[in-house]
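Structure, as structure tokens:
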Amino acid sequence: MMKIEAIIRPERQEQVKKALEEKGFVAMTMSEVLGRGEQKGIKLQYRGGTLDVDLLPKLKIEMIVGDDEAETVMKTICDAARTGKFGDGRIFVLPVAMSGKVRTGEVER
Amino acid sequence: MMKIEAIIRPERQEQVKKALEEKGFVAMTMSEVLGRGEQKGIKLQYRGGTLDVDLLPKLKIEMIVGDDEAETVMKTICDAARTGKFGDGRIFVLPVAMSGKVRTGEVER
Amino acid sequence: MMKIEAIIRPERQEQVKKALEEKGFVAMTMSEVLGRGEQKGIKLQYRGGTLDVDLLPKLKIEMIVGDDEAETVMKTICDAARTGKFGDGRIFVLPVAMSGKVRTGEVER
Amino acid sequence: MALDSGDTAWVLASTAMVMLMTPGVGLFYGGLVRSKTVVSMIGLSFLAFALASVQWIVFGYSLAFGPDIGGIIGGLDFLGLSGVGIESAPLAATIPHLLYMAFQLVFAAVTLAILTSAVAERIKLSSFIVLALLWTTLVYDPLAHWVWAGGWLAKLGALDFAGGTVVHISSGFSALALAIVIGRRTGFGSYVMEPHNIPMSMIGAGLLWFGWFGFNAGSALTAGGLAASAFVVTNTSAAAGALAWLAASWMKGKPSALGMVSGGIAGLVAITPAAGYVDAVSSLIIGAAAGVLCYTALLFRVSRGLDESLDAWAVHGMGGLWGAIATGIFASPAVNAYSGLLYGDVGQFVAQVLAAAVSVVYAFGVTYLLARAVDSVMGLRVSEDEEYVGLDIATHGEKAYA
Amino acid sequence: MALDSGDTAWVLASTAMVMLMTPGVGLFYGGLVRSKTVVSMIGLSFLAFALASVQWIVFGYSLAFGPDIGGIIGGLDFLGLSGVGIESAPLAATIPHLLYMAFQLVFAAVTLAILTSAVAERIKLSSFIVLALLWTTLVYDPLAHWVWAGGWLAKLGALDFAGGTVVHISSGFSALALAIVIGRRTGFGSYVMEPHNIPMSMIGAGLLWFGWFGFNAGSALTAGGLAASAFVVTNTSAAAGALAWLAASWMKGKPSALGMVSGGIAGLVAITPAAGYVDAVSSLIIGAAAGVLCYTALLFRVSRGLDESLDAWAVHGMGGLWGAIATGIFASPAVNAYSGLLYGDVGQFVAQVLAAAVSVVYAFGVTYLLARAVDSVMGLRVSEDEEYVGLDIATHGEKAYA
Amino acid sequence: MALDSGDTAWVLASTAMVMLMTPGVGLFYGGLVRSKTVVSMIGLSFLAFALASVQWIVFGYSLAFGPDIGGIIGGLDFLGLSGVGIESAPLAATIPHLLYMAFQLVFAAVTLAILTSAVAERIKLSSFIVLALLWTTLVYDPLAHWVWAGGWLAKLGALDFAGGTVVHISSGFSALALAIVIGRRTGFGSYVMEPHNIPMSMIGAGLLWFGWFGFNAGSALTAGGLAASAFVVTNTSAAAGALAWLAASWMKGKPSALGMVSGGIAGLVAITPAAGYVDAVSSLIIGAAAGVLCYTALLFRVSRGLDESLDAWAVHGMGGLWGAIATGIFASPAVNAYSGLLYGDVGQFVAQVLAAAVSVVYAFGVTYLLARAVDSVMGLRVSEDEEYVGLDIATHGEKAYA
Ligand SMILES: Nc1ncnc2c1ncn2[C@@H]1O[C@H](COP(=O)(O)OP(=O)(O)O)[C@@H](O)[C@H]1O
Ligand SMILES: Nc1ncnc2c1ncn2[C@@H]1O[C@H](COP(=O)(O)OP(=O)(O)O)[C@@H](O)[C@H]1O
Ligand SMILES: Nc1ncnc2c1ncn2[C@@H]1O[C@H](COP(=O)(O)OP(=O)(O)O)[C@@H](O)[C@H]1O
């Protein structure tokens, strides 16, 4: 199994959820985070000066999927989350050793 | 070392904490997340229509434990968090490469 | 690639960010979490009794870095976040299998 | 007697101030529930206000304050406010009848809002609407008539300056009955249901304290010495109640700030029936006792596993009961024409106890029956799933905080 | 005629209450926007209040209420409040002129605050300041003169008790024009922009409801029967509006609690011009109709993809329009000296429609031109990046919640 | 002279409005602290109100307004309000004595609440209670006597319409002393302590602005021209202060919305002593200057690393100082019977400066000693761990937000 961690724009939440659902991926966990990429956020101009607004609000999506599904999920999220502008986000995939279901107690490796 | 990530019902927080403490597991990190499982949350009926309430509040518990402790922790959380109904949650275990303690600077592999 | 997860004191945020920037590490994701270490938080005295305040607010920093950068980042965070008192925090390093950039769609392994 | 512009100005302002108490109750309650039901909770107060406003205009005022029929109920002469105009009010010679009606309206409304404590986080909206209309008609209106409009309790000599029996005993003990019928929130007792926003409750308490000056000092219905006196004892009792509850919670463990503001409300409740009859020193005692008593009642309520969720019973019911009796103890002839036990009038004391007992029994009993009736006809509660998701989304399709 | 202390007391209190409506608007609006612009949104209301306060003192009052010049505008006699003292007000014999001026000031201020709906989350602060000063001078002041200070609409016989045309039509339809010129928020329509804090909006609505008693009953300018009557119909219309919107949203899907309080505001808006002329039963109808109408207008606005973000048009514009016309229908000679259609006076009805139409056209037209002018000279909007980051940080360098 | 119902109505309303300022201060302050101390912060305001309310009833009023003893203090004749009844007040002939007492009570209470700025997030609750009682007795009561009850400063001819010296200088400079004694919050200077909820502070500011009309216009103690005039200059100064602070912060970087509302408060503070003596144009200047001055004072305070945490000194202390002096400059014989420097009366100016200086020295000095005394006897601060965890949990065992 793999764990997908995607950091996307909050305003793309609906599109991403829909795209994933269409491909059959329903289960997910979400949380609000703050982030900045290499660009150090957004530069605002004011009265001659500039102001870096780093740490913009992002949405983090976590999903556990089968090894072979990871790439599909990555691509699906990428496509649905893209606006083409800086700040679109990143997706990371981490290996998972084990997984359990609380309701049933069953464990998968 | 292993990283346990458990997604549980917020209202089971006390039980889970107590159960873990009894087994000697104290250190942990928690955060509020929103999640849905395969069931797509809860279906409400109203006036003929239905409304899917997906993305219900969940509690995420993160714990770093020794390789050999992972299964105990998993089972402990599972047992304490279970209500038997949909939405009870999931537990994932991820491998950890290294770990450090800020106060002392010591690093463990 | 490696994923760094650091749990630090919220009040050290600026120092840590600055220290990392100086070393060239800009991109990161942050979130507010609650945590307790082995000490079970802080013990308060009142009127003869004591009160354990566990689950203190902490800041979680997540960063994806190259394999060879992981130790530098760990050390940088450790040094900048340290106050020397209980509760300074922990840093964990997890292996990353793959990583993607939403804007461009490029994938790195 | 002619209208007086000063008296009218004060009662106009008081009526507006009492109106603000209803959002005040909503905020106080809203802060105490979980974040998934705060919109519902505040919404119930607004809804109570709107329902009572319309009911009162259409027939409620007439039932309560229409010409007395056998000491039991008012006649229908004032239906749709016919005959209620800008002339001098029958029970308040220096202000317009319409204004007297409006002043009474905001009392009816806030009383209904207090009652929502009992059904927090689990009531079915349609059932609340039905129950609310029944309750204000069958519990509030008759009680108001009995006590304030020449009904049989008034004839008995019972005093209730601003609503200890009519407003607080009635809403508090009705809340108790209602809570018993509707049952506990799912999970009550098995996990903690913390207030989600204490500052919100404190804003609510601030608005309540403010509005209460209209409630009590406005009940003088004139802008003069009696209003001033009621104002002073109201504030004093509130302050004493706040300090007393703070101290009591401190002795039990930690000084609770939420307890302090609850104690303020307890002090306000207790002084309500007495506001026009007692002096400042008495109000210190009345308030302090209320703080301790209501805190004890709350602890008792919790220890019994009773989910009268936001303590309308402990604070308004018990505070009102104490206040009604205290009026019979502390009423001072130096303040108004009545004497309590302390000044030798046992009869007054007996009348107070009687009126309070009647209010307790009537409110509890009728509410219990009404609640059972509504429950069996249409169900009082939402489904367990809806309760789990929270009324904000389940009932209103709204999320409090994004 | 001499000053009357009771009348003065009531108008003093009313002026303070109306002042509180401006933070009320700020909170109502602030809860509806995203958390990244809430400081800006509430700030705009405070700013509107401050700007209007200064403008009014310096020359606004004079333009609006100075000696009539050809029915069009007031003379400059009252510049810097010269000649405005503690003697009896020209248009309100029993209160000081200064107080009358202050009462009018808070009206001008809250009207400007309502207008901020149209520019939520995207206005450039400097441009807002310029536009606000132009608008209050060129739209509000003349309209106030025409309707309330012996201007040509008054001479036509149009009634507007507390500001249906001057306050609500003018701010509502101006908001529409302004929203069209400034354009939609980035992303509007492509993703949902949920209210970030509904309880905050409900606090705002509570303060508005409270303050509105000062607005409408204060507009009697005396503490007597007319104020009482205005008070009663104000509350009744609000309650009816709240219930009607709740019911309407229920029929469409779920009963909206935010809708209920919006309906309350709609009812308050609609009764505003009529408050001194209609009876309670009429106000039930006026309010209920306003609830349904404004809800429908909101749905229409959304369906047209129009980003008049916080519905000043739907609620104030359409509610005010309905209220102005309703005054011409329901005005009752039993309440005041005027008759509406129902009581046989077609002329009154025609005058109302005419005045409403003129207000709509004037407010929309002039605002459209002003907005275009300011936009081309200095730009109305912030940059897209600033909008994305949110005005709180981008404009003010402040974060609402830490 | 007989009681007047209009005057009484206005002072009743004013008293209630001023009461609301205390939760207003609580919310304003509560929004500025970190979320781990907001319950404590708002709680301190409620506690201040309750303590002052009881102290005032029992002996405070007597100390301040009892029969003058040598210009220094009031006699104990009014202990427990004996002799304070519904008859005409000694210092306000047309309202009941009890009401005058209550009006003064809410002033004493809010002054104590302002002081809590200095001890934000670190005070030990028991020490606060002791200090608060000492302070209101030994600082507030004498000052009130000196200035308002025929004490030596009054005899000097110093004017203070609504409390520039008694309320604002006294609380502001006392806060400075107290902050110096208690010391900085742990971590102050080493990391940013951002306001956790700016909208909450804005709600507080809105309530303050509203209540201030009762504060200043209520201080006329009659409902007539003087109240109207005080009302107008109060609002004008507030508006000017808001715009001035906004502009000043803009020049330094970005226009601060929190600054704007703080500027409003600064304007309100500064006009307080002058409210009954100056005209609207002067109030524009007084307010604008206050906005800039208080902002500068705040920057100075920060630059000195002084943790007078919520700027009672910068806003109330310095604003009050400026207002007291400004009264001696701008007092106009056209408004009231007094002339300032501008109208040729140097003596008045000197009296103002003297009274202000005395107040500064007395408040600072006595508070410093009291704070040192309480600190050495029982400790002013909580432990470092408690401070780190936050007073809400550490002191009250409560969490603001769940
Ligand atoms: N190396 C990284 N480690 C952790 N999080 C990252 C990393 N790079 C990007 N992110 C997250 O992804 C978000 C979007 O990144 P990116 O699209 O690169 O942003 P930007 O265009 O602002 O540089 C960031 O705000 C951050 O939360
Ligand atoms: N595959 C997954 N990936 C990430 N999170 C998951 C996954 N499956 C479940 N979760 C998390 O666990 C929670 C509970 O899941 P589950 O018990 O399956 O819920 P449900 O009964 O509602 O389907 C979800 O709300 C979600 O947060
Ligand atoms: N084993 C662990 N697993 C997960 N999180 C941990 C673990 N140990 C520590 N933490 C996190 O790091 C934070 C600081 O830990 P530490 O410095 O050990 O705290 P303390 O001194 O309070 O014991 C904790 O609050 C918790 O969030």
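Residue numbers (the working numbering), protein chains in the order written: chain X, 37 to 145; chain L, 37 to 145; chain F, 37 to 145; chain P, 473 to 874; chain H, 473 to 874; chain C, 473 to 874. Note that CB positions come from ideal geometry on N, CA and C, so glycine has one too. Note that this is a predicted model, so its numbers are computed, not measured.
Within-7 Å CB hit, residue i to chain L
i, result
"I78 of chain X", "no"
"T65 of chain X", "yes"
"F61 of chain F", "no"
"I865 of chain P", "yes"
Test: residue i CB closer than 7 Å to a CB of chain P
i, result
"W482 of chain H", "yes"
Proximity test, Cβ basis, 7 Å: residue i and chain X
i, result
"L87 of chain F", "no"
"D857 of chain H", "yes"
"R145 of chain L", "no"
"A133 of chain F", "yes"
"G659 of chain H", "yes"
For residue i, three-class secondary structure by DSSP
i, result
"G122 of chain X", "Rather than Gly, the amino acid found at residue 122 of chain X in this sequence is Phe. Three-state result, F122 of chain X: coil."
"R506 of chain H", "coil"
"E856 of chain H", "helix"
"E144 of chain X", "strand"
"M665 of chain H", "coil"
"E68 of chain F", "strand"
"E434 of chain C", "The requested residue 434 of chain C is not part of the displayed model; chain C covers only 473 to 874."
"S674 of chain P", "The sequence shown places Met at residue 674 of chain P, rather than the Ser named in the question. In this structure, M674 of chain P counts as helix in the three-state DSSP scheme."
"Q75 of chain X", "coil"
"P562 of chain H", "coil"
"A887 of chain H", "The question about residue 887 of chain H has no answer, for chain H in this structure spans 473 to 874."
Proximity test, Cβ basis, 7 Å: residue i and chain F
i, result
"Y915 of chain C", "No statement about residue 915 of chain C is possible, as the shown extent of chain C runs from 473 to 874 and does not include it."
"R139 of chain L", "yes"
"S818 of chain C", "The question names Ser, yet the displayed sequence has Val at residue 818 of chain C. It does not; no Cβ of chain F falls within 7 Å."
"V705 of chain C", "no"
"V787 of chain C", "no"
"V861 of chain C", "yes"
Residue i at chain H interface by Cβ criterion, 7 Å
i, result
"E57 of chain X", "no"
"N688 of chain C", "no"
"E47 of chain X", "yes"
Local Cβ density within 10 Å of residue i, reported as buried at 16 or more and exposed below that
i, result
"K54 of chain L", "exposed"
"K94 of chain X", "buried"
"R773 of chain C", "buried"
"T112 of chain X", "buried"
"T839 of chain P", "buried"
"D751 of chain C", "buried"
"R657 of chain P", "buried"
Cβ neighbours of residue i in the same chain (closer than 6 Å, five flanking residues each side left out)
i, result
"P188 of chain L", "The structure shown does not extend to residue 188 of chain L, since chain L is modelled only from 37 through 145, so no value can be given for it."
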